[in-house]
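Numbered by this note's numbering, the letters in the sequence shown go through residues 427 to 1046 in order.
Have a look at the structure below, then the notes.
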Amino acid sequence: MRGFLNSFDFLLFALTLAGLILGGVLYALGYGDGAASVFAGGTALVLASLIVIIIRSLMRGAVGLDIVAAISMAGSLALGEWVAGNVVALMFAGGQVLEAYAQARARKDMTALIARAPRRARRYRDGSIEDIAVDEIKPGDRLMIRPGDVVPVDGRLEDGHALFDESVMTGEAAPVEHQAGEAVLSGVTNLSGAITLVATADVQSSAYSAIIRLVADAEARKSPMARLADRHALSFLLWTIGLAAFAGFGTGDPTRALAVFVVATPCPLILAVPVAIVAGLSRAAKQGVLVKHGGALESLAATKTLIFDKTGTLTKGEPILREVIAAPGLDADRVLQMAGALCQASTHSVSTALASAAAARVGPLFLPNGIEEAAGEGVTGMVSGHMVNVGTFAFVARNTIETDWHPIARDLVAAEPGLVTAIGIDGRLSGLARFADAVRPEAADVLNKVKQQGVTRTVLLTGDRREVAEAVAAGLSLDHIITGATPSGKVEAVLDEKAKSVTAMVGDGVNDAPALAAADVGIALGVRGAGAPAEAADIVLLVDRLDPLPEAIAIAQRSFRIARQSVYAGIGLSSLGMIAAAFGYLAPVEGAIVQEIIDVAVILNALRALSGKKNVTITH
């Protein structure tokens, strides 16, 4: 938090405080004129800085509440209320320092991500271990990860098992165990002994680097909510001037008018909202949710319609083998064994799923050879002396002899709402593998929770066929399903929903990026491979799960509830103080002290947005 200590605001505060103390000492020693000069100098210093701020605001066409503070300081100087002027100046400068402190505290969790990023790594090379910069790591490199090391790139555990602290990436406090062959995200901490990790990405393509890039772009900007105080500025200014005019001209005592302006100094209105916003951003970051700016937090809090992409969002986006249908006279397990053996040589998601299912069902698989892969169509190769084809029905049909089972299989493929892969062995269409895209286990619970939080409409938006979407939607509390949508069609659907209510869009694919950008608030799921979606989105869930979404909504709603409470409490308390000053119950100096107490109370209330339970409980 050293940044705010070195700021101009803190310097201004320190000089004003020093002036108030020095002036008090001089006054006590009987040097009244010297004390007055010191008090006036401290006031004039802050007033000059404030005038610059006001001029810049007016040049942008903005009328802010800083004008009230400037009037109170100028009035103090004009009427010879030196102490009151100095106290108001100290109050204003102190408020700016409090805001800087609050922002520094609130951003602590986000900036900590950058600080812990590893710079060096240990790589196996030619029988030895070399120390290298993380930028030199390439996919396929074998890395030694020592106890306590932060994993520098995405990879997979080579052998054995290991425990990792994944709290920075997922918010999960309990250590997570990974077995040999499982993926390990960059940014997690090794809690076991030395392990070997095979890199699957370079540092720039890894999840942790993606998070850091997003954090660097996530500096809190002035949000629509942050302008709440400005929206009240004109009415509050007129109310202040009117009350001050009544107090001054009605009684003939200009000090009463000054006291009104002093109490009206709007520090709580100016500071409470940004403090609550930044606190909310920090709270969300601790829960694994990166909110890029305050406006996104406000939009999320106000969301009434929530649109979900299907593949990779409501579903895992990973095909799971449901069944193998063998041609007449053939054994399904044998067909699966041959297809799975061949698919070991392919990185396609369907091939990976088929190979895994085959290994789990029939045991160790043969090693294939003579592999040829046609991108987007299928793969061909030899398995234990047999020619095997796996791919689309059209691909396998071209490589097999037409039989009576071909039209039957073709009809089965056409009628299946999910994914179907054909299998050919030795020139014969031998079987069909049916896959399903499994619904995320947390999806139903997430949809129920967001509806309890005030979301009134949930929509499934997909480019898939209706029967596929309806199969996924079964058992989920969705209000509407839109199918067959192209990327431009998704944008149109989002805009239609946006015209009716505040709309958020959740997606994970490149084709979702335009829709994410079109929504009131775009939410990207996960950062590994997210790329365009993460860039287009306003909010990024840093894990490949939907669980953080209800927590993010709860944090947003609480942050803006606290912000509004702070603003209206500040207006109300200041108005009571102004009325008391108008009727002569508060002198300018007393009014300044009262306003300072209001400032501190309101800002401390705004800081409540930093607190809260880790797991949000939804009540009916």
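Glycine included, each C-beta is placed from N, C-alpha and C at the ideal position.
In this structure, what does DSSP give as the bridge partners for Y550?
-> In the DSSP output, where bridge partners are listed per residue, Y550 has I555.
Thinking C-beta only, is A1032 closer than 7 Å to E701?
-> With the sequence shown as reference, residue 701 is identified as Val, and Glu is not the correct amino acid for it. A contact, by the Cβ cut-off of 7 Å.
Any idea if G807 is buried or exposed, counting beta-carbon neighbours within 10 angstroms, 16 or more meaning buried?
-> Buried.
What are the start and end residues of each continuous alpha helix (DSSP H) run of 4 or more residues lying completely inside the region 849 to 912, in chain order?
-> Residue ranges of uninterrupted alpha helix (DSSP H) with 4 or more members, entirely inside the region 849 to 912 and ordered along the chain, are 869 to 878 and 892 to 899.
Please name the residue in A841, V898 and P794 whose C-alpha comes closest to that of D1131.
-> Examination of residue 1131 is not possible in this model, given that the chain is present from 427 through 1046 alone.
I563 lies in the beta strand (DSSP E); which residues open and close that run?
-> DSSP places I563 in no beta strand (DSSP E); its state is neither H nor E.
Residue from I827, G850, I851 and A820 whose Cα sits closest to the Cα of R836 | Across the set I827, G850, I851 and A820, the C-alpha of A820 shows the shortest separation from the C-alpha of R836.
Under the rule that 16 or more other beta-carbon atoms within 10 Å means buried, what is V560, buried or exposed?
-> Buried, by the Cβ-count rule.
Take A989 as the anchor and find which of G607, R1034, I1019 and V881 has the nearest alpha-carbon.
-> Residue R1034 is the option with its Cα nearest to A989.
Under three-state DSSP, which class holds T741?
-> Residue state, collapsed to three classes: strand.
How would you write the range of the beta strand (DSSP E) that F590 sits in, first residue to last?
-> Judged by DSSP secondary structure, F590 falls within the beta strand (DSSP E) whose first and last residues are H587 to D591.
What's the gap between the Cα of V523 and the Cα of A870?
-> The C-alpha of A870 is placed about 46 Å away from the C-alpha of V523.
When you compare only the Cα positions, how much space is there between I667 and L441?
-> One C-alpha to the other measures close to 30 Å.
Between V928 and L873, what straight-line distance do the alpha-carbon atoms span, to the nearest angstrom?
-> Between V928 and L873, the C-alpha separation is close to 17 Å.
Can you pull the DSSP bridge partners for L951?
-> Note: L951 sits in a beta bridge opposite L967.
Pairing CB atoms from the region 1006 to 1025 with CB atoms from the region 719 to 737, are three or more of them under 8 Å?
-> Result no; under three Cβ-Cβ pairs closer than 8 Å.
Within 10 angstroms of its Cβ, does N616 collect 16 or more other Cβ (buried), or is it exposed?
-> N616 comes out buried.
Coarse secondary structure for H774, derived from DSSP in three states = H774 falls in the coil class under three-state DSSP.
In this structure, does DSSP put D735 in helix, strand or coil?
-> Three-state DSSP puts D735 in a strand.
Which term fits Q1054, buried or exposed, when burial requires 16 or more other beta carbons within 10 angstroms of its beta carbon?
-> No answer is possible for residue 1054: it lies beyond the span of the chain, which begins at 427 and ends at 1046.
Cβ shell of V579 (< 6 Å), same chain only, five flanking positions each side left out | I563, S612, A625, A627, V629 and S632, listed in sequence order.
H604: buried (16+ other C-beta within 10 angstroms of its C-beta) or exposed?
-> With 16 or more other Cβ atoms from the protein chains shown falling within 10 Å of its own Cβ, H604 counts as buried.
How would you label N512, buried or exposed, when you count the other beta carbons within 10 angstroms and need 16 or more for buried?
-> By the neighbour-count rule (16 or more Cβ atoms within 10 Å), N512 is buried.
So, is L1012 buried or exposed, given that buried needs 16 or more other C-beta atoms within 10 angstroms?
-> The residue is buried, with at least 16 neighbouring Cβ atoms inside 10 Å.
Is it a yes or a no for the region 728 to 735 touching the region 757 to 776, going by three-plus beta-carbon pairs under 8 Å?
-> Put simply, the region 728 to 735 does not touch the region 757 to 776. Fewer than three CB pairs are less than 8 Å apart.
What is the DSSP secondary structure of E724, counted as helix, strand or coil?
-> Here E724 sits in helix by DSSP.
What residue range is occupied by the uninterrupted beta strand (DSSP E) comprising V614?
-> Here V614 belongs to no beta strand (DSSP E), and DSSP marks it neither H nor E.
C-alpha distance - L756 paired with S856, whole-angstrom precision = When the Cα atoms are used, L756 and S856 turn out to be separated by approximately 7 Å.
Proximity test, Cβ basis, 7 Å: P578 and chain B = Of the protein chains in the structure, only one exists, and it is not chain B.
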